[in-house]
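Student: Before we start, here is the structure in question, set down as structure tokens.
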């Protein structure tokens, strides 16, 4: 009974960590692509 409750609480923790890692990576890529786009949009044409 106790092992089941520990497993029910402890099992989702790695998956939650993976979800946080993916969301941080997604935010980083979005910021990077936005910065590249703005840099290209603001630069003068040759």
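In our numbering, the protein residues as written are 6 to 51.
For each residue, glycine too, the CB sits at the ideal point set by N, CA and C.
1) With DSSP run on the structure shown, which of helix, strand or coil describes residue 44?
2) With DSSP as the reference, label residue 16 as helix, strand or coil.
3) If you draw a straight line from the C-alpha of residue 40 to the C-alpha of residue 31, how long is it?
Tutor: Answer, in terms of the structure:
1) It is helical.
2) Three-state result, residue 16: coil.
3) Those two C-alpha atoms are separated by around 14 angstroms.
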